[in-house]
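In UniProt numbering, the protein residues as written are 1 to 985. Note sheet for the following structure.
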């Protein structure tokens, strides 16, 4: 099996490259970009084999063990057990086909990643075909080395005892690793130039051929370390598994606790091995080094697969022997082979997980390179959010696969129980069970239950890359890799330890084991429960995580160009704007721009790249919102907190000279806005829409602005002579969570009106309500206040006299209550005097009372004169080249939704549009909002009621109060920071 898989995989890959080369010629980058699809195909099949096969085999295994061994107390693989055939078939489906497809996927992906990274190195530039084929040569040498290694197992060492089986299998790993190291050295020095250049994320790195030798070698030896570490923690020849077996004395609970602890601890050494391999290989040859390190770990895949398949084949042979009623000696021999195979299978899983980590990292590097990402900064919100979500995915995936096994096993248990209870003579061996029905249950379950986890793996990169961009997707891939590897190792080793702890008790090969047995003892039953729990961990969830991290990475690599281009308008927005304007002109010459965000709106609007470099650019969603009057009436809504948003649309240039200008739109703050805007802009002249942002000059800015308690007003800012002028009047805005229509009307007589929901809220003149022009009159700069000008409103009363003896009143007087201390000695301490206290009679320095000044002339004001700088502008209202409408804002809380944008010269049409859209839907929207609030209150009331039944009173309540106080303080602080930031912006 090992040779067939590795040789076929290499052969098909090589043939594919040869065929593609006929089309691409010397375009190595294009060639190997296409070849990445080979890795995606291999991983996609591995998803079916690993996940589907794992569900199949474990559903049958758990069902057979729970009813057969635990409830009916019959031996494993007993032909009376209806699930025994499904169990044996499952060994082939999950442990042979599943493991094979998994390792083949890693094999294909690591080759594709290495080839792709090599294509952007100096190999591709100089067209060095041998050097470009270095990854394929490594795999070829690995096959030859594994052929030589088989001699050590079959010809050079004869196995005379059962105890020699396992060492013989493990010996092949060591021998193949040593021989492969020699082979790598030869290939590195003969196939590669002595020095070449790698392009690492835009920077050049000089690499020598011996660097790649060390990269491949460290991957190879890291695999061996992982394999032997896995053996130590899963073989019953060592203390960790023996400790787990000993914990079965006190029941299944302690067995589970010890098994979980073993699994967690077993992660340490493999992770350090992987980390060292990554560090060394990246230091020597960047991402190419990691890719070939993964190939090094997989170079002896033929031997690894052979010894991994050993266990399931032996297990099947034992099952056949048991069902055929062969002698007990044969079963003992197959059990010995199976026990050795269990350890080697665990080693194989360790190899698979370790190689998956390196392969995924290599694919991650290739994805980053192909997507054009220069740096992946975890401090940026987009990347960090992706990182958190990616780290969660292995747990979500494991939950799905574990539940799938549980659901399928439940049906299997019910079926096995049904047959034992309804088929007469089955338990006595006089009747034959219905094996086919159990096989059907496992088959149906494996196909049906693999859909949710499969969809999670396949859709996550597509959704993340399409909706949130390549930076977020990079975070998802990194997060899933970091947590997925560790969850996979712990799950696989925990399950393997429980399995071998059970076999340790059953075999009774040592004095310690005999004290725990025999079969059927309480300790053995506890071990069977642990083994049953561990089955889906070691054979389904754990190994399947390899597929999660690899398939997401290779899928991202294949679709990287699409994700990188996401958000870039494919159509010409200028052409679309012209077409739209022509259509509007046919129906109404008074409408310059109208947008209801119906089909094709993405082609009419251009999302700016502003703030993308800082990873603080928000994403717009096309939606009708959480509550609405018509779910089909959609607008665009901000979707991410603490983000900048900039989007614009172009329309044919026009001037509002001699005509009324109407600017109208609807806005809804679903998030109960605390700090942020809901304003829009009209822009003139030539604007680079891709660079449209906060520094872009605009003509008019209009809309609601809310920040804290101090700012809740309508912005109306006019640009005149390259200076922005804010309206001087306060116009309160709406602050609820419903849609509202804001209308700004500027007339040719330089008057204006601001309407909210078709109701006029403010009106006046551009001359008086904005400081657009210098004042008509100014103070006379040469005027001076007359010297005899009396501007004192109050003077001292000349008739007021100071009372006699007023100045004799002391400020302080001796304290009458003070007494001389008894131990006071005048000769030593001096003459004692009482301390002083303020005198209540003392009124301070005397001042005459104030009276009105009879000669008061008032405050002097300079006379006004005509301002020589004043010049009237009869076209104060005119904007001669209006051409764009845009939204540019900062939002602390997202959720603001814009819709029904209008630029027109007809206030009546604007009013009609508002009534047709907002007016018709406002009542339904309000009802939907009130219903949502009602449900929210009911849910909160339910949570409060549930919380009141809790028994954690003193400590819990104190903790909650402290937490609430802390949250309140944090909220107050954040609110203040937000308001300060808003003012600064």
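Where is the CB? At the ideal position from N, CA and C, for every residue including glycine.
- Task: Label residue 671 either buried or exposed according to how many other C-beta atoms from any shown protein chain fall within 10 Å of its C-beta, with 16 as the threshold for buried.
- Result: By the 10 Å Cβ count, residue 671 comes out buried.
- How many angstroms separate the CA atom of residue 793 from the CA atom of residue 785? 16 Å
- Task: Decide yes or no for the touch test of the stretch 342 to 361 against the stretch 219 to 231: beta carbon pairs closer than 8 Å, at least 3 of them.
- Result: yes
- Roughly how many angstroms separate the alpha carbons of residue 69 and residue 514, rounded to a whole number? 20 Å
- Message: Going by DSSP, what residue range makes up the alpha helix (DSSP H) through residue 242?
- Response: Residue 242 -> alpha helix (DSSP H) spans 239 to 247.
- Query: Given residue 264, which residues of its chain have a CB within under 7 Å of its CB, disregarding the five upstream and five downstream residues?
  - Reply: 490
- If you run the structure through DSSP and keep just helix, strand and coil, what is residue 393? helix
- Message: Can you tell me whether residue 986 is helix, strand or coil according to DSSP?
- Response: Residue 986 lies beyond the range of the chain shown here (1 to 985); nothing can be said about it.
- Item | Among 743, 699, 495, 712, nearest to residue 986 - alpha-carbon criterion | Missing from the structure shown is residue 986; the chain here goes from 1 to 985 and no further.
- Message: Tell me which residue opens and which closes the beta strand (DSSP E) that residue 800 is part of.
- Response: First-last for residue 800: undefined, no H or E at that position.
- Message: I need the straight-line Cα distance from residue 760 to residue 393, nearest angstrom please.
- Response: 53 Å
- Message: Taking a contact to mean a Cβ-Cβ separation below 9 Å, would you say residue 36 touches residue 554 in this structure?
- Response: Annotated as proximal: residue 36 and residue 554, with beta-carbon spacing under 9 Å.
- Message: If the criterion is Cβ atoms closer than 9 Å, does the pair residue 669 and residue 706 meet it?
- Response: Note that the C-beta distance between residue 669 and residue 706 is below 9 Å.
- Task: Within its chain, find whatever has a CB closer than 7 Å to the CB of residue 293; leave out the 5 residues flanking it on each side and keep chain order.
- Result: 215, 216, 218, 219, 277, 281, 358
- residue 524: buried (16+ other C-beta within 10 angstroms of its C-beta) or exposed? buried
- Query: Leaving out five residues before and five after residue 879 in sequence, what residues of the same chain have Cβ atoms less than 8 Å from its Cβ?
  - Reply: 655, 656, 661, 682, 684, 699, 700
- Contact the stretch 634 to 652 vs the stretch 867 to 878: 3+ CB pairs below 8 Å: With a cut-off of 8 Å on Cβ pairs, the stretch 634 to 652 is not in contact with the stretch 867 to 878, counting fewer than three such pairs.
- Query: Are at least three pairs of beta-carbons, each pair with one atom in the stretch 311 to 324 and one in the stretch 136 to 152, less than 8 Å apart?
  - Reply: no
- Task: Assign residue 622 to one of two classes, buried (16 or more other C-beta atoms within 10 Å of its C-beta) or exposed (fewer than that).
- Result: exposed
- Close Cβ partners of residue 536 (< 6 Å) along its chain, the five nearest in sequence each way excluded: 58, 402, 405
- Message: Please list the terminal residues of the continuous alpha helix (DSSP H) segment that includes residue 466.
- Response: Neither: residue 466 is in no alpha helix (DSSP H) and is coded neither H nor E.
- Task: List the whole-angstrom C-beta distance separating residue 22 from residue 136, where the pair is believed to meet the contact cut-off of C-beta under 8 Å.
- Result: Not a contact, Cβ separation roughly 18 Å.
- Query: How would you label residue 620, buried or exposed, when you count the other beta carbons within 10 angstroms and need 16 or more for buried?
  - Reply: buried
- Message: I need the straight-line Cα distance from residue 43 to residue 456, nearest angstrom please.
- Response: 14 Å
- Task: Give the C-beta separation of residue 6 and residue 184 to the nearest angstrom, bearing in mind that I take them to be a contact with Cβ-Cβ under 8 Å.
- Result: No, residue 6 and residue 184 are not in contact; Cβ-Cβ is about 16 Å, not under 8 Å.
- Message: Rounded to whole angstroms, what is the Cα-Cα separation between residue 503 and residue 4?
- Response: Rounded to the nearest whole angstrom, the CA to CA distance from residue 503 to residue 4 is 32 Å.
- Query: How would you label residue 958, buried or exposed, when you count the other beta carbons within 10 angstroms and need 16 or more for buried?
  - Reply: Any reading at residue 958 must be qualified, since the residue scores a pLDDT of 44, below 50, and its modelled position is unreliable; the value itself is stated next. Flag for residue 958 reads exposed.
- Out of curiosity, what's the CA-to-CA distance linking residue 588 and residue 384? Any reading at residue 588 must be qualified, since the residue scores a pLDDT of 42, below 50, and its modelled position is unreliable; the value itself is stated next. So the alpha carbons of these two residues sit roughly 49 Å apart.
- Residues bridged to residue 604 [DSSP beta-bridge criterion]: None; residue 604 has no bridge partner.
- Grouping DSSP H, G and I as helix and E and B as strand, with all else coil, what is residue 653? strand
- Item | residue 107 versus residue 298: straight-line alpha-carbon distance, rounded | 6 Å
- Neighbour-count burial assignment, residue 830, 16 or more Cβ in a 10 Å radius: exposed
- Message: In whole angstroms, give me the CA-to-CA distance for residue 874 and residue 750.
- Response: 8 Å
- Work out the CA separation of residue 408 and residue 425 for me, nearest whole Å. 27 Å
- Task: Take every Cβ of the stretch 463 to 478, pair it with every Cβ of the stretch 372 to 380, and state whether three or more of those distances are shorter than 8 Å.
- Result: Output reads yes: the stretch 372 to 380 touches the stretch 463 to 478.
- Item | 6 Å Cβ shell around residue 273 - same chain, five flanking residues per side excluded | 222, 225, 226
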